[in-house]
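Chains A and B, in that order, give the protein sequences. If you read the first sequence in our numbering, its first letter stands for residue 7, the second for the next number, and so on. If you read the second sequence in our numbering, its first letter stands for residue 5, the second for the next number, and so on. Note that CB positions come from ideal geometry on N, CA and C, so glycine has one too. None of these values were measured; they are calculated from a predicted model.
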Amino acid sequence: MLKVVINGKEIEAQAGSTILEVASEHGFNIPTLCHLNLHDMDYCNHPVSCRICMVEVNEGRGSRLTPACDTYISEGMVVETDSSKAIKARRTVMELLLSNHPQDCLYCTRSTNCDLQTLANSMNIRNNRFEGKMSNLGKDVSSKSIIKDLDKCILCRRCESICSEVQTVNIYSPINRGFETVIGTAFQDSLQDTPCTFCGQCVSVCPTGALTEVSHVDRIWNKINDPESVVVVQTAPAVRVALGEEFGAVPGGVSTGKMVAGLRRMGFNYVFDTNWGADLTIMEEANEVVERLNKGTLPILTSCCPGWIKFIEHQFPKLIDVPSTCKSPHEMQGAITKTYFAEKLGINPDDIYVVSVMPCVAKKYEAARDELSVDGRADVDAVITTRELASMIREAGINYNELADEEFDHPLGESTGAAAIFGATGGVLEAALRTAAGWLTNDSAPSLDYKEVRGLEGIKEATLKINDLELKVAAASGLGNARKLLEKIEAGENEYHVIEIMACPAGCIAGGGQPYNHGDRSIIEKRMKAIYEIDAHKEIRESHKNPDIIKIYDEYLEKPGGHLAHKLLHTHYFERDNIKE
Amino acid sequence: MACQCNNEECFIELDKFIEERNLTGESSLIQVLHQAQHLFGYLPRNLQVYVAKKLNIPIAKVYGVVTFYTFFSETPRGENVIQVCLGTGCFVKGADKVMLSFESELEIKQGETTADNQFTLSAVRCVGACGLAPVVIINEKVYGHVQSEDVKGILENYIVGEITTQTA
């Protein structure tokens, strides 16, 4: 242990700690910008590039300024985090950062939710002594999911770290040098031409408006205001446990009823629940698990996550027959909305406009995949993130917190506890196991809780006994963890029967389209808890027992894996280049 | 600058270089890029991709390194490569004017190559010879204390038909 003095307080701290670590532990607030440490996913962005954490240090040889994130404590060190010299240095750094930052904050997607803006504000920056050259690099709007605006980039490299170290997709690197430096792609190719999975984790850690989602807000308002259109909205399991945060609620709250009421107030004609689509997915997927168990063509990988699917297409093209052929829940729901539901209500499917509210930015790209359509009609027409929905609710002048709870519309609104847990890593696997076990044991499985596959760990595994069958299962979240399992499969060393994969660490609750958590991962844990609470309070907790699901098979689809089910609910994948030559 | 062999032989040479030294991963990247540029004369896209795959390094990282160092070139370079040092020492001694003079004599901007492929003009950071500032290096010959009015005379040494290459 070393003795140091921070702001006059004597402190004993572990050797090898940085000033930033020790100061934060003792309640001293040092501003940071590039530095981001997300312990639970082994992510630490530590480029020491922004220099906003300057503090004044004296080790007996006079005082000096040093970045707190990268200066290790020494015996007898005297630190002042709030001396006038330190504050002045930090203000200068901020002014320099802002001297090359576009001044269009009023129009920026990140306005009032931007780390750079918040910090500048808290530092009382009201004018800037520096007027420098501005970069003029333009925006990359090539992709269906992510907009990259390099002029707003402050070179913190958080996107690069999360893409390389956590997701192992390696899209970004610093390109060029000096003033021309950008965090770019190889050959500065547009995102569309890279193996980017559009998972959006880069968006979720970006401290400014440099990385944002492609907005579908305007096109949705246009459809809502068009009297000819029947605008149907559906909401993913992870949205209801996070949307409230956008309106000041404590993280971990569930606001399903308010969300439904808000959507109806906005003018959507029907408010459906993607959880219904999740129950349908389980029917098809559990059926596929049982079929492939019998055929011996295992492992089977889940296919709900479009980021993960694009990852396997680029990185492991030889394995594209391994994932389930099931479309993801919102695509299934869209396909059923434009067929079964349209027929039931006698609506021309061409007049139906399906909007998905998702915790995800990859779903935008997924919805635009040509093959995710029936008879040339896209299953889903527009996708908005949880954040975009919040912005639309605000735009409509709706007082979210005052809304009285309302119920989803029928028949695509009833769902089970199995569907609710799709939003967390391990949830799809658990839901599939409930139904597969239910079928294999004639509903006499001892428990519906598969706690071994719950929690925030990156890879979870379990061996389950169903009748005489020993089923080995695993759930991975984060593409780096997915890669570990896929490398085993490719090498022929796989030991699992069923594997669930989610691109985002912790699953959809931490998706790239969720409210920003500004580095506070405890929020993710709270969302996860909320998801399992929804499940625990549901009367029906197995997808195959959902009465509306039973009904659609009776009335329309006949049986899981049947001819019509295949046409509407299943898809196929493509081999894609990893590196474009 | 580039070797006269055809492409295929260059790739075989490069493979040999990598395999003999057992090179792999990020720590070998600069060494391999050096050799690749030596063999091919420059580092086109397909060569960068080849190196990335061969060393098992993300292509973005390879591209990042290639664009960071002025030594590496993504476009074919001229017969003679002119490097004007724009490091601090040379800069305060007027290297910017020397650069302007080269630009106007050759009618190209820094980073470009003349249409007849005779000259490539590039800027380098400190070459460690500040005592000679401003410094210009052409191919491997070092010129010290260069003033903008010297540029024309220096270039005459390299005009085709006279001395095309010189060594220090």
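List the residues of chain A that residue i touches, going by C-beta distances under 9 Å, in chain order.
{"i": "residue 127 (chain B)", "result": "Those within 9 Å of residue 127 (chain B) in chain A number zero; the least Cβ separation is about 11 Å."}
Could you name the residues of chain A that residue i contacts, counting a contact when the two beta carbons are closer than 7 Å?
{"i": "residue 53 (chain B)", "result": "585 and 587"}
{"i": "residue 68 (chain B)", "result": "179, 180 and 181"}
Taking C-beta pairs closer than 9 Å, name the residues in chain B that residue i reaches, listed in chain order.
{"i": "residue 170 (chain A)", "result": "62, 64 and 65"}
{"i": "residue 49 (chain A)", "result": "The contacting residues do not exist; residue 49 (chain A) stays about 17 Å from chain B at best."}
Mind pulling the chain B residues with CB within less than 8 Å of residue i?
{"i": "residue 182 (chain A)", "result": "71 and 72"}
{"i": "residue 177 (chain A)", "result": "64"}
Thinking C-beta only, is residue j closer than 8 Å to residue i?
{"i": "residue 443 (chain A)", "j": "residue 466 (chain A)", "result": "no"}
{"i": "residue 3 (chain A)", "j": "residue 358 (chain A)", "result": "There is no way to answer for residue 3 (chain A), as the model of chain A reaches only from 7 to 587."}
{"i": "residue 238 (chain A)", "j": "residue 361 (chain A)", "result": "yes"}
{"i": "residue 440 (chain A)", "j": "residue 424 (chain A)", "result": "yes"}
{"i": "residue 243 (chain A)", "j": "residue 284 (chain A)", "result": "yes"}
{"i": "residue 574 (chain A)", "j": "residue 380 (chain A)", "result": "yes"}
{"i": "residue 325 (chain A)", "j": "residue 492 (chain A)", "result": "yes"}
{"i": "residue 156 (chain A)", "j": "residue 143 (chain A)", "result": "yes"}
{"i": "residue 138 (chain A)", "j": "residue 78 (chain A)", "result": "no"}
{"i": "residue 204 (chain A)", "j": "residue 316 (chain A)", "result": "yes"}
{"i": "residue 101 (chain B)", "j": "residue 107 (chain B)", "result": "no"}
{"i": "residue 172 (chain A)", "j": "residue 207 (chain A)", "result": "yes"}
{"i": "residue 559 (chain A)", "j": "residue 565 (chain A)", "result": "yes"}
{"i": "residue 245 (chain A)", "j": "residue 365 (chain A)", "result": "yes"}
{"i": "residue 64 (chain B)", "j": "residue 192 (chain A)", "result": "yes"}
{"i": "residue 1 (chain B)", "j": "residue 128 (chain B)", "result": "Outside the shown range of chain B (5 to 172) lies residue 1 (chain B), about which nothing can therefore be said."}
{"i": "residue 181 (chain A)", "j": "residue 188 (chain A)", "result": "yes"}
{"i": "residue 395 (chain A)", "j": "residue 249 (chain A)", "result": "yes"}
{"i": "residue 136 (chain A)", "j": "residue 179 (chain A)", "result": "no"}
{"i": "residue 11 (chain A)", "j": "residue 19 (chain A)", "result": "no"}
{"i": "residue 483 (chain A)", "j": "residue 513 (chain A)", "result": "yes"}
Tell me, please, which residues DSSP counts as bridged to residue i.
{"i": "residue 231 (chain A)", "result": "Beta-bridge pairing links residue 231 (chain A) to no other residue."}
{"i": "residue 190 (chain A)", "result": "A:179"}
{"i": "residue 123 (chain B)", "result": "B:84"}
{"i": "residue 478 (chain A)", "result": "A:469"}
{"i": "residue 505 (chain A)", "result": "A:307 and A:480"}
{"i": "residue 289 (chain A)", "result": "Answer is none; residue 289 (chain A) lacks a bridge partner."}
{"i": "residue 146 (chain A)", "result": "A:154"}
{"i": "residue 219 (chain A)", "result": "A:152"}
{"i": "residue 43 (chain A)", "result": "A:50"}
{"i": "residue 70 (chain A)", "result": "A:63"}
{"i": "residue 240 (chain A)", "result": "A:278 and A:362"}
{"i": "residue 142 (chain B)", "result": "B:86 and B:145"}
{"i": "residue 383 (chain A)", "result": "A:380"}
{"i": "residue 391 (chain A)", "result": "A:364"}
{"i": "residue 42 (chain B)", "result": "For residue 42 (chain B), which the question treats as bridged, DSSP gives no partner whatsoever."}
{"i": "residue 78 (chain A)", "result": "A:24"}
{"i": "residue 8 (chain A)", "result": "A:19"}
{"i": "residue 117 (chain B)", "result": "B:124"}
{"i": "residue 576 (chain A)", "result": "A:332"}
{"i": "residue 55 (chain B)", "result": "Answer is none; residue 55 (chain B) lacks a bridge partner."}
Which chain A residues sit within Cβ distance under 8 Å of residue i?
{"i": "residue 57 (chain B)", "result": "585"}
Please confirm whether any heavy atom of the ligand NAD lies closer than 7 Å to the CB of residue i.
{"i": "residue 45 (chain B)", "result": "As far as ligands go, the structure on display features none, and thus does not contain the ligand NAD."}
Mind pulling the chain B residues with CB within less than 7 Å of residue i?
{"i": "residue 428 (chain A)", "result": "Those within 7 Å of residue 428 (chain A) in chain B number zero; the least Cβ separation is about 32 Å."}
- In chain order, what residues of the segment 28–50 of chain B put their CB closer than 7 Å to some CB of chain A? From the segment 28–50 of chain B, only 49 and 50 have a Cβ closer than 7 Å to chain A.
- Would you be able to state if there are at least three C-beta pairs under 8 Å between the segment 206–217 of chain A and the segment 160–169 of chain A? Yes, the segment 160–169 of chain A is in contact with the segment 206–217 of chain A.
- Query: Are there three or more Cβ pairs, one per stretch, closer than 8 Å when the segment 275–283 of chain A is compared with the segment 408–419 of chain A?
  - Reply: For the pair of segments examined, the segment 275–283 of chain A was found to touch the segment 408–419 of chain A: the number of CB pairs separated by less than 8 Å reaches three.
- Task: Would you be able to state if there are at least three C-beta pairs under 8 Å between the segment 580–587 of chain A and the segment 310–321 of chain A?
- Result: Touching, yes, given that three or more Cβ pairs across the two stretches are closer than 8 Å.
- Message: So, does the segment 380–395 of chain A touch the segment 408–416 of chain A, judging by three or more C-beta pairs under 8 Å?
- Response: Touching, no, given that fewer than three Cβ pairs across the two stretches are closer than 8 Å.
- Are at least three pairs of beta-carbons, each pair with one atom in the segment 89–104 of chain A and one in the segment 58–68 of chain A, less than 8 Å apart? The segment 89–104 of chain A vs the segment 58–68 of chain A: in contact.
- Task: Would you list, in chain order, the members of the segment 192–204 of chain A that have their beta-carbon closer than 7 Å to a beta-carbon of chain B?
- Result: Per Cβ criterion, the list reads 192 and 193.
- Query: With a cut-off of 8 Å, do at least 3 Cβ pairs link the segment 81–97 of chain B to the segment 108–127 of chain B?
  - Reply: Taking 8 Å as the limit for Cβ pairs, the verdict is that the segment 108–127 of chain B does touch the segment 81–97 of chain B.
- Do the segment 521–537 of chain A and the segment 254–261 of chain A touch if we need at least three Cβ pairs shorter than 8 Å? Judged by Cβ distances under 8 Å, the segment 521–537 of chain A makes contact with the segment 254–261 of chain A, as three or more pairs qualify.
- the segment 508–527 of chain A in contact with the segment 35–48 of chain A per 3-pair CB rule at 8 Å: Output reads yes: the segment 35–48 of chain A touches the segment 508–527 of chain A.
- Is there contact here, the segment 505–517 of chain A with the segment 302–313 of chain A, by at least three beta-carbon pairs under 8 Å? With the cut-off at 8 Å, the segment 505–517 of chain A and the segment 302–313 of chain A touch.
- Query: Touching or not, the segment 453–464 of chain A and the segment 262–271 of chain A, by the rule of three or more beta carbon pairs under 8 Å?
  - Reply: In short, these stretches do not touch, since the Cβ pair count stays below three.
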